[in-house]
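Sequential numbering of the sequence shown, starting at 424, is according to this note's numbering. We put the beta carbon where it would ideally sit given N, CA and C, even for glycine. Structure first, then comments.
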Amino acid sequence: MMIALSIIVSYLIGSISFSYLITKKIKKIDIRKTGSGNAGATNTMRVLGTGPAIGVLLLDVLKGIVCVVIARALGLPDWAVALSGFASIIGHDFPVYFGFKGGKGVATTIGVFFMIMPLYALIAGILTILIIAATRFVSLGSLFFLIATPVLGWIFSDYSSGVLVAAFLISLLAFYQHRANIVRLIHGNENKLGHKKAQA
């Protein structure tokens, strides 16, 4: 019962779309209908600028952290904690409050991964920053972080199979959400950080 409660609450918390709410408040527009069409920090930067984007990023990361903290406070096993984090990401991607059309879940995944695999998320995060700085492709850096964190946790640690399965499910969902970005990266026409115009 407590596991089910944690998963439901995590999904509902994850469904809060800060990029949508902040953009709606400032510009009176639906962020999902402008820029890249993604309800996340990168598109917020394109539409509103750096300040609001940082705010969205931190709030979306916080969603993942809060959901893991709640699950742990309920005394749930580690696999259920990871599953609750996964539920928050599903909420971000498919928010019940906004017609199930949300973002790609990277920032919320950052919060979850830093809570369940802190060391490997930190290592992957540092490498991700270097990749983005070198290439200006946020999507490429995001994809690296999303797969490197669980892979490092699998190779170098003794996380339970439940935690690892949840972590790889998170990565699988993220890659699915980035499928259009992957195609553009392959064809060499992905948007770089700093470009105002973005493809939907």
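Flag this pair as yes or no: are the beta carbons of residue i and residue j separated by less than 8 Å?
i, j, result
"alanine 530", "leucine 550", "no"
"tryptophan 502", "glycine 585", "yes"
"serine 433", "glycine 514", "yes"
"valine 574", "glycine 534", "no"
"serine 525", "aspartate 516", "At residue 525 the sequence reads glycine, which differs from the serine that was named. Against a cut-off of 8 Å, the Cβ pair of aspartate 516 and glycine 525 comes out as a contact."
"leucine 569", "alanine 597", "yes"
"threonine 436", "serine 511", "Here residue 436 is isoleucine; the residue named in the question, threonine, does not match the sequence. Cβ atoms of isoleucine 436 and serine 511: closer than 8 Å."
"leucine 616", "isoleucine 546", "no"
"leucine 563", "leucine 595", "no"
What's the call for residue i, buried or exposed, on a 16-neighbour Cβ count within 10 Å?
i, result
"tyrosine 520", "exposed"
"methionine 540", "buried"
"valine 606", "exposed"
"methionine 425", "exposed"
"phenylalanine 509", "buried"
"alanine 496", "exposed"
"proline 518", "buried"
"alanine 544", "buried"
"tyrosine 599", "exposed"
"alanine 462", "buried"
"lysine 527", "buried"
"isoleucine 578", "exposed"
"aspartate 581", "exposed"
"leucine 499", "buried"
"lysine 486", "buried"
"leucine 506", "buried"
"glutamate 613", "buried"
"serine 459", "buried"
"alanine 427", "exposed"
"leucine 542", "exposed"
"leucine 481", "exposed"
"serine 438", "buried"
"serine 429", "buried"
At a cut-off of 7 Å, would you count residue i as near the ligand NAD, judging by its Cβ distance to the nearest heavy atom?
i, result
"phenylalanine 521", "The ligand content of the structure shown is nil, which means the ligand NAD is not present either."
* Asked: Is the stretch 580-591 in contact with the stretch 557-564, if contact means three or more CB pairs nearer than 8 Å?
  -> Using a Cβ-Cβ distance cut-off of 8 Å, the stretch 580-591 and the stretch 557-564 are not in contact, since fewer than three pairs of beta carbons, one from each stretch, lie closer than that value.
* What are the complete beta strand (DSSP E) segments, minimum 3 residues, inside the stretch 484-543? -> For the stretch 484-543, not a single whole beta strand (DSSP E) run of length 3 or above is found.
* At least three beta-carbon pairs within less than 8 Å, the stretch 443-456 to the stretch 488-501 -> A contact is defined here as three or more CB-CB pairs under 8 Å, and the stretch 443-456 fails this definition with respect to the stretch 488-501.
* Would you check if the stretch 466-478 and the stretch 432-452 touch, i.e. whether three or more CB-CB distances between them fall below 8 Å? => Contact holds: three or more Cβ-Cβ distances are below 8 Å.
* Asked: Can you find at least 3 beta carbon pairs, one from the stretch 429-445 and one from the stretch 475-485, that sit closer than 8 Å?
  -> Contact between the stretch 429-445 and the stretch 475-485 is present, with at least three C-beta pairs closer than 8 Å.
* To do: Go through the stretch 577-618 residue by residue and report every complete run of the alpha helix (DSSP H) that reaches 4 residues or more, in order.
  => Counting whole runs of 4 or more residues, the stretch 577-618 contains the alpha helix (DSSP H) stretches 584-600 and 602-610.
* Asked: What are the uninterrupted segments assigned as alpha helix (DSSP H) that are 4 or more residues long and contained completely in the stretch 445-483, given in chain order?
  -> Taking only runs of at least 4 residues, the alpha helix (DSSP H) segments lying wholly in the stretch 445-483 are 464-471.
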